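Trainee: For the record, in the sequence shown the residue sitting at position 37 is 17 according to this note's numbering, with numbers rising by one throughout. Just so you know, even glycine gets a beta-carbon here, dropped at the ideal spot from N, CA and C. None of the values given here were measured: they were computed from a predicted structure. What follows is a single structure, and I will ask about it in a moment.
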Amino acid sequence: MPDLRPASFRRPSIRDGVTLALAAAGIIAMGASSGVAIAAADDTVSSAVVADAAPIDAAAPASAGLLPFLPDPAPPVYEDNLDGWIRQALDIMHAHNIPGSYDGIYRNVMRESSGNPHAINLSDSNAAAGTPSKGLLQVIDPTFNAYHVDGTPFDIWDPVANITAACNYAANRYGSMDNVNSAY
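Structure, rendered in structure tokens:
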């Protein structure tokens, strides 16, 4: 038997709740007339309500998830110092499946350059051969060129590019920068 009480006094049906929950979750969108149809209908959902309900645009970005009204998070901001360079390099390495840890990178940077991104070795065998080691992790030009990681500047003096290229090389040769404990 239909419930003839005004909608404000009528107990919502399970179907009303499910329809509203689906609309709230973004699974269906409810037109203006569907809200009226639910409020005026008895304990059944009319075909007009179903006809007014439309699926959410399938072209919506996947990152929107169930909360399409929230903006995407801001990209991280890295400090322009050794800590920031290592953290940015680790994020890029993670995106490219290059293994390594903060501690492993930091340990090697301190041994190779004491954290100076402009360090250059003009006295070792590489320098004698015309390709001095450069930057935080003392990379030579041919190694940098071969192991450069997309998403970083193609500049051996760039601290993040130097770290990621060196870690990419170390991953290929030693399994990870974490396994490097001396000149490499």
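List in chain order: all unbroken alpha helix (DSSP H) runs of 4+ residues lying wholly within the region 82 to 157.
Mentor: 82 to 93, 105 to 108, 121 to 127, 139 to 154
Trainee: Does the beta-carbon distance from residue 123 to residue 149 come in below 7 Å?
Mentor: Working through the sequence shown from its first residue, we reach residue 123 at position 143. Working through the sequence shown from its first residue, we reach residue 149 at position 169. Yes.
Trainee: Is residue 52 helix, strand or coil when you go by DSSP?
Mentor: Along the sequence shown, read from residue 1 onward, the residue named residue 52 stands at position 72. Coil at residue 52, not helix or strand.
Trainee: Given residue 160, which residues of its chain have a CB within under 8 Å of its CB, disregarding the five upstream and five downstream residues?
Mentor: Residue numbering aside, residue 160 sits at position 180 when the sequence shown is read from its first letter. The answer, listed in chain order, is 84, 88, 150, 154.
Trainee: Whole angstroms are fine: how far does the CA of residue 162 sit from the CA of residue 67?
Mentor: Numbered from 1 along the sequence shown, position 87 holds the residue referred to as residue 67. Numbered from 1 along the sequence shown, position 182 holds the residue referred to as residue 162. So the alpha carbons of these two residues sit roughly 22 Å apart.
Trainee: Which residues in the same chain as residue 137 place their Cβ atom closer than 8 Å to its Cβ, once the five residues preceding and following it in sequence are excluded?
Mentor: In the sequence shown, counting from the first residue as 1, residue 137 sits at position 157. Only 97, 98, 114, 115 meet the Cβ criterion.
Trainee: Within 10 Å of its beta-carbon, does residue 152 have 16 or more other beta-carbons around it, so buried, or fewer, so exposed?
Mentor: Along the sequence shown, one-based indexing puts residue 152 at 172. Residue 152 is exposed by the Cβ-count criterion.
Trainee: Which value, in whole angstroms, describes the spacing of the CA atoms of residue 134 and residue 53?
Mentor: Along the sequence shown, read from residue 1 onward, the residue named residue 134 stands at position 154. Along the sequence shown, read from residue 1 onward, the residue named residue 53 stands at position 73. Their Cα atoms are separated by approximately 27 Å.
Trainee: Give the single residue among 157, 50, 61, 101 whose Cα lies nearest to the Cα of residue 95.
Mentor: One-based indexing of the sequence shown puts residue 95 at position 115. Residue 61 is the option with its Cα nearest to residue 95.
Trainee: Should residue 73 go down as buried or exposed, given a rule of 16 or more other Cβ atoms within 10 Å for buried?
Mentor: For the purposes of this step, residue 73 is taken as residue 93 along the sequence shown, with counting starting at 1. With a 10 Å radius around the Cβ and a threshold of 16 neighbouring Cβ atoms, residue 73 comes out buried.
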